[in-house]
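K.L.:
Before anything else, here's the structure in question.
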Amino acid sequence: MRRFKDRLALWLGALSAMLAMIPLISILYEAVKNGASTLNVEFLTASPGVIGQPGGGIGPAIQGTLVLVGLTVIIGVPLGVLSGIYLSEFGDNPIGRVIRFLNDVLAEFP
Numbered sequence: 304m305r306r307f308k309d310r311l312a313l314w315l316g317a318l319s320a321m322l323a324m325i326p327l328i329s330i331l332y333e334a335v336k337n338g339a340s341t342l343n344v345e346f347l348t349a350s351p352g353v354i355g356q357p358g359g360g361i362g363p364a365i366q367g368t369l370v371l372v373g374l375t376v377i378i379g380v381p382l383g384v385l386s387g388i389y390l391s392e393f394g395d396n397p398i399g400r401v402i403r404f405l406n407d408v409l410a411e412f413p
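Read in order, the letters of the sequence shown correspond to residues 304 to 413 in this note's numbering.
What follows is the structure, encoded as structure tokens:
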């Protein structure tokens, strides 16, 4: 009986997950079907158009995203690597405890 209940719960969970995915897949399908024709190089590189006029693009948004990611990598990677090296070599002191605490705080947030 217990094995039957386990399998029933598994199947009901899988069925619920599939039913929940139907609207998501439908929305994604409609977005791709209606929007795929507008995705081209000009749309990805052009500036936004005038409000109310057709056309325009998302070039500045992509450029801003790349700049932000680049600056984050330039600042974050050396800081993280150096903090890790410091903690592995000299981690048993007050500064090491502070760095470890701050690392734990940062790890708790997505």
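C-beta: ideal position from N, C-alpha, C; glycine also.
Threshold first: 4 residues or longer. Then list the alpha helix (DSSP H) segments lying entirely within the segment 360-393, N to C.
P.N.:
Correct list: 362-393.
K.L.:
Does the distance from the C-beta atom of T348 to that of G358 stay below 7 angstroms?
P.N.:
No. Outside cutoff.
K.L.:
So, at 8 angstroms on beta carbons, what are the nonlocal neighbours of S386 in its own chain, with the 5 sequence-adjacent residues on each side left out?
P.N.:
So the qualifying residues of the chain are I402 and N406.
K.L.:
So the alpha helix (DSSP H) A334 belongs to, where does it begin and stop?
P.N.:
A334 -> alpha helix (DSSP H) spans R305 to G338.
K.L.:
Taking P397 as part of the alpha helix (DSSP H), name the residues at either end of that continuous run.
P.N.:
It spans P397 to A410 - the alpha helix (DSSP H) in which P397 sits, taken as one unbroken run.
K.L.:
Per DSSP, what kind of secondary structure is V353 in: helix, strand or coil?
P.N.:
In the structure shown, V353 sits in coil (DSSP, three-state: anything other than H, G, I, E or B).
K.L.:
Note down the Cα distance separating P413 from V384, rounded to an integer number of angstroms.
P.N.:
Their Cα atoms are separated by approximately 20 angstroms.
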